[in-house]
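Inspection log for the structure reproduced underneath, given as structure tokens.
This is the structure:
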């Protein structure tokens, strides 16, 4: 670390000569610091940590999270859960209505192997889970997803949640396991009111929510504010990105994931092209201006994509990049960029440490 | 086909029970019609057809294109070319500055196996190609990319192109193979002027552009308008999408690619959620409103994405979908959606015919 620039140049050469560009690189020192921070925030709030693996899709990184104290993991796809189960992870919550996987028989197959926790916000999902559990010959734990203002998935009222809890309670194939929340940053008071009302109604049925889960990396600012919560699930915090910087959760040095790209064209005086476009960083702006932050040229604007090209507006750069330069990009939204790569190159102290397969990438069902 | 609706329902059941959702489905009758149309348009203009495989990334579909008369293929990544070479395809143009792959040694490795055509718009790429060709012990054919107003890759003037041609001519490892254009829809006159001026200057060096390539599916409207062109490369036309409908090239029935999704949530009266989000269809709007066309509910607006969820505004739908319904989505931009899937389910006459691997997906270098 005596000479940061030389160390960086050496690593860039190693990356391009070994892997080519574009290349997804994670700094393991930063990854471990980020994992420890999430765990510590959960512990301080008295909550279990159930990281969402949609960000990294890697069993190896999930194992690091569990090794640091996570109780289990959250998945968004059955295919992700299959990959994590293959790696020996046993405490898995799948945080979505899994109709597509349930009706293909794959949910039942995995439920035969280990007891899953699944999620529902409607009777059709519950019926599909019942059939899958019967086929697996093992009851499924079901949590009810509740929406408290985001207008995402989730029932909108405690009464609707209660109706689903009754269906679960009445079904011998299903266990009522709890509640899933994803409050907007400013809707935690409504979430508390929703939960408090529902808790009383559930008690009247003799039901208790063993799991009361909150979610989201930006919501670490609110962690523990829901009285009764038992665990938190956050994904992005393992790597961070421009969105998390914008949310005030992370600084540039907390961004573990960088895409190493080559400047491949400089046909105009004020413009350039890198070899990372919408098939590398994706068109997801995360509500921010432009598509990423270029570490070497903070004033360069990555303002447009072709599929394999990123277009740079260099008009505000005094020091403009040259063709052949390797420039590192911090994406707006890291989860969708990781999802474009089959592997992450893990580095530490300026050296390549290992190649981590993104094993659950592309597991769309 | 006697009862279209029953046939569709049967196929939907087969798809979800066999594969789950979301599922990428292509109708082979439409694919074959689209392949024939592109070939026929090229033939009518007296041009060779060199389809761009970035859209399908499948050797099997590339072979269908070659079987229908295509002279060879266009790739955008070396990794795509590797996959196509593995499948026995020998006439491959890689239409980009390949610095990342050249410097990793992979370009030389593939050039050892078969003679490639590569593309440059700057001296750094040419130097990298020279080194790769020397390492492969086989000269590389290089085409010069020319920009005639799109502000994408490509030199901006005939003089710049000529300077690169001189570098190629002076290098014993390289052969000058021709010129690559991607004119904007309305810049074909400028493209003609660019080419005419350059052709004379090249002749003064004793050089002839054996390949003069135009590109783009929407540019089929202009095909043959560049006097001197020898071939056309187009990708999207094999499947088509909402962008191609918008461009006037295709109608709904020409869209071969549909993503079968499940409606997984209907928590609000005027809203719903399908199990395809930005990790399935991508956030690339292609400049259009919303993210896709829902065949069963044309008035539903797919207006927002989470990573695995697509949010439907149903306020304009009289007949609203129910949880569990399978709805088919034609994406705005098919190339980036295919790129999210490891396989395409090929159907014909309402029956599943085969599963086609998207073998070159994720080949980012």
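Chains as they are written, first to last, in my numbering: chain C, 49 to 413; chain W, 49 to 413.
C-beta atoms are modelled at their ideal positions from N, C-alpha and C, and glycine is treated no differently.
Rounded to whole angstroms, how far is the Cβ of residue i from the Cβ of residue j, which I believe are closer than 8 angstroms?
| i | j | result |
| --- | --- | --- |
| residue 110 (chain W) | residue 87 (chain W) | Wrong, their Cβ atoms sit about 13 angstroms apart, outside the cutoff. |
| residue 336 (chain W) | residue 380 (chain W) | 5 angstroms |
| residue 70 (chain W) | residue 407 (chain W) | Not a contact, Cβ separation roughly 20 angstroms. |
| residue 144 (chain W) | residue 356 (chain C) | 6 angstroms |
| residue 361 (chain W) | residue 319 (chain W) | 6 angstroms |
| residue 169 (chain W) | residue 203 (chain W) | 5 angstroms |
| residue 101 (chain C) | residue 122 (chain C) | 7 angstroms |
| residue 228 (chain C) | residue 191 (chain C) | 5 angstroms |
| residue 127 (chain W) | residue 327 (chain W) | Not confirmed; about 21 angstroms, so no contact. |
| residue 238 (chain C) | residue 278 (chain C) | Rounded, the Cβ-Cβ distance is 19 angstroms, inconsistent with contact. |
| residue 76 (chain C) | residue 395 (chain C) | 7 angstroms |
Please decide whether residue i counts as near chain C, where near means a Cβ-Cβ distance under 8 angstroms.
| i | result |
| --- | --- |
| residue 113 (chain W) | no |
| residue 420 (chain W) | Limits of chain W in this structure are 49 at one end and 413 at the other, which puts residue 420 (chain W) out of reach. |
| residue 412 (chain W) | yes |
| residue 172 (chain W) | yes |
| residue 273 (chain W) | no |
| residue 395 (chain W) | no |
| residue 268 (chain W) | no |
| residue 160 (chain W) | no |
| residue 388 (chain W) | yes |
| residue 102 (chain W) | yes |
| residue 134 (chain W) | no |
| residue 57 (chain W) | no |
| residue 51 (chain W) | Reliability fails at residue 51 (chain W), whose pLDDT of 43 lies under 50, so the model's placement of it is uncertain and the value that follows must be treated cautiously. So no, residue 51 (chain W) is outside the interface. |
Would you say residue i faces chain W, with C-beta separation under 8 angstroms as the test?
| i | result |
| --- | --- |
| residue 124 (chain C) | yes |
| residue 343 (chain C) | no |
| residue 65 (chain C) | yes |
| residue 382 (chain C) | no |
| residue 302 (chain C) | no |
| residue 214 (chain C) | no |
| residue 289 (chain C) | no |
| residue 219 (chain C) | no |
| residue 402 (chain C) | no |
Considering only DSSP beta bridges, list what residue i is partnered with.
| i | result |
| --- | --- |
| residue 96 (chain C) | C:279 |
| residue 220 (chain W) | In the DSSP output, where bridge partners are listed per residue, residue 220 (chain W) has none listed. |
| residue 376 (chain C) | C:308 |
| residue 194 (chain W) | W:203 and W:229 |
| residue 399 (chain C) | C:396 |
| residue 405 (chain W) | W:391 |
| residue 174 (chain C) | Per DSSP, none; premise fails for residue 174 (chain C). |
| residue 73 (chain W) | W:306 and W:393 |
| residue 109 (chain C) | Paired residues: none, contrary to the question. |
| residue 189 (chain W) | W:165 and W:223 |
Could you tell me which chain A residues have their CB closer than 9 angstroms to the CB of residue i, listed as they occur along the chain?
| i | result |
| --- | --- |
| residue 154 (chain C) | Chain labels in this structure do not include chain A; the protein chains are C and W. |
Extract the residue ranges of the alpha helix (DSSP H) inside the segment 145 to 169 of chain C, only unbroken runs of 4 or more that lie entirely within it. 147 to 151 and 154 to 161
Run through the segment 306 to 370 of chain C for me and flag every whole alpha helix (DSSP H) of 4 or more residues, listed as ranges in chain order. none
Using a beta-carbon distance cut-off of less than 8 angstroms, what residues from the segment 72 to 96 of chain C approach chain W? none
Proximal residues, the segment 136 to 150 of chain W versus chain C, C-beta separation under 7 angstroms: 144, 145, 147, 148 and 149
Of all the residues that make up the segment 322 to 348 of chain W, which are near chain C by a beta-carbon distance shorter than 7 angstroms? 323, 326, 327, 328, 330, 331 and 332
Taking only beta carbons into account, state which residues of the segment 179 to 207 of chain W come closer than 9 angstroms to chain C, listed in chain order. 193, 195, 199, 200, 201, 202, 203 and 204
Fully enclosed by the segment 228 to 308 of chain W, which alpha helix (DSSP H) runs are 4 residues long or longer? 236 to 252 and 290 to 294
Enumerated in chain order, which unbroken segments of the beta strand (DSSP E) with a length of 3 residues or greater are wholly contained in the segment 121 to 147 of chain C? 121 to 123 and 140 to 145
Short-range partners of chain W found in the segment 225 to 254 of chain C, where Cβ spacing is below 8 angstroms: none
By the 7 angstroms beta-carbon criterion, what residues does the segment 352 to 374 of chain W contribute toward chain C? 354, 355, 356, 357, 371 and 372
What are the residues of the segment 304 to 319 of chain W that lie near chain C, defined by any Cβ-Cβ distance shorter than 7 angstroms? 310, 312, 313, 314, 315, 316 and 319
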